Each structure stands twice: as C-alpha cells, then as structure tokens.
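Here the structure is laid out as structure tokens; the discussion comes afterwards.
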Amino acid sequence: MKKIGIVMGSDSDLPIVQKATDTLKALEIPFEVHVYSAHRTPDQAREFARSARANGFGAIIAAAGMAAHLAGAIAANTTLPVIGIPCKSSVFDGMDALLSTVQMPTGIPVATVAVNGGANAALLCAQILAVEDAALAQRLDAKREADAAAVLAKDAGIAERL
Ligand code: RP5
Numbered sequence: 763m764k765k766i767g768i769v770m771g772s773d774s775d776l777p778i779v780q781k782a783t784d785t786l787k788a789l790e791i792p793f794e795v796h797v798y799s800a801h802r803t804p805d806q807a808r809e810f811a812r813s814a815r816a817n818g819f820g821a822i823i824a825a826a827g828m829a830a831h832l833a834g835a836i837a838a839n840t841t842l843p844v845i846g847i848p849c850k851s852s853v854f855d856g857m858d859a860l861l862s863t864v865q866m867p868t869g870i871p872v873a874t875v876a877v878n879g880g881a882n883a884a885l886l887c888a889q890i891l892a893v894e895d896a897a898l899a900q901r902l903d904a905k906r907e908a909d910a911a912a913v914l915a916k917d918a919g920i921a922e923r924l
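So the sequence shown is numbered by the numbering used here: it starts at 763 and just counts up by one.
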C-alpha cells in the first residue's frame, strides 16, 4: 500500500495532526510525519514534495496555520493529491489559514478540509487509496457503519438526558 505523507508547518500543529494519524492508524494505513515549513524550511518542504511519488507516497496531508502556504507550496512541487488542513493558531480563529490554503490558483489544486479537520484529511486520503484497494474500501465501509451506529445509540439515549 502507498504511504501517506504528513507535513506540518510547526510542531505546535501536532494536536490537529494527531487526529489524522489516529485515523490512519485505525485504518491500517502507513504514514510518515515531518515538520517542514513553507517559510522557515522551504528547501526541505520542496524536496519532500518533489521526491514524494518516487518515495512511495500516495497522497500528502499538509497542516499549517496563520499565512498557511505549506499545502500550496507542496502542491506546486508534486502531482500527488494534496490535502490541506488549515490550523487555528492565531487571532483570526483559523480564517487566515483557511483562505491561505483553499484559495489556490487554477492548475495547482489543494483539497482543503475544515479548519482543524485532521480526521477528515486522513479519511480523504484513505478514500483516494481505496479506489485501488478493495480491503481498505471494506475498512472504510465498516467505519461508516460503526459511526452511524454510534449516532443511533445517541438517538436512543437522548430522551433520557432531557
Ligand atoms: C505556521 O505558523 C505553523 O503551521 C503554525 O500553525 C503557526 C505557528 O507556528 P509556531 O510559531 O508555533 O512555530 O507556520
């Protein structure tokens, strides 16, 4: 199976990235994590992206806050799918990172999830890999069923809480 590359702009983004790594672990998807910044370590971020396909990655998650150019900078250097996680790490509540991540120019797409949406970033990667992986698709189906069952259990218990 292809690996998922995870890059975060700072280790202060780790709590959000951890939601992605937890999800990937639960789905038995291998991943590799790095702290590379589009601004502070642009050479390392660029090299990671340029070599990612040859290094066995199937998609890349890029998490960053503030002027969040990391996902776009990664996407500029690979044609692998790039999923951007805008992180809430400033006075603008993540809106700065959301716009910086999602507003990509035509030709260089970044699939952007919600602010702090680490779990969905991982699920999107899983769904991309599952196009060619029936066993992973089955694990995703099972997760959907378990998630639905959890909601229905809440439905069954909600009246008692009122
Ligand atoms: C961004 O700046 C990082 O992704 C992080 O969300 C934010 C703050 O970084 P630190 O100052 O905590 O390293 O580049």
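A virtual CB, placed ideally from N, CA and C, is assigned to each residue, including glycine. Quick caveat: nothing in here was measured; it's all calculated off a predicted structure.
Under 6 angstroms: does the beta carbon of methionine 857 sit that close to some heavy atom of the ligand RP5?
If you number the sequence shown from 1, residue 857 lands on position 95. With a cutoff of 6 angstroms, methionine 857 does not count as near the ligand RP5, since its C-beta is closer than that to no heavy atom of the ligand.
Within the continuous alpha helix (DSSP H) that includes proline 777, where are the two ends?
Translated into the one-based positions of the sequence shown, residue 777 becomes position 15. From DSSP, the alpha helix (DSSP H) with proline 777 extends over 776 to 788.
I need the DSSP call for alanine 919, collapsed to helix, strand or coil.
For this step, residue 919 is matched to residue 157 along the sequence shown. Here the sequence assigns glycine to residue 919, which means alanine is not the residue at that position. Of the three classes helix, strand and coil, the one that applies to glycine 919 here is helix, per DSSP.
Spatial neighbours of methionine 857 within its chain, please: CB distance less than 7 angstroms, with the 5 preceding and 5 following residues excluded, ordered by chain position.
By 1-based counting over the sequence shown, the position of residue 857 is 95. Nothing meets the Cβ criterion.
Would the stretch 863 to 872 count as touching the stretch 896 to 914 if we require 3 or more Cβ pairs under 8 angstroms?
no
Alanine 884 - containing alpha helix (DSSP H), residue span
Reading the sequence shown from its first residue, position 122 is the one you call residue 884. From DSSP, the alpha helix (DSSP H) with alanine 884 extends over 880 to 892.
Cα-Cα separation, glutamine 889 to alanine 873:
Within the sequence shown, numbered from 1, the residue matching residue 889 stands at position 127. Within the sequence shown, numbered from 1, the residue matching residue 873 stands at position 111. Distance between the alpha carbons of glutamine 889 and alanine 873 is about 13 angstroms.
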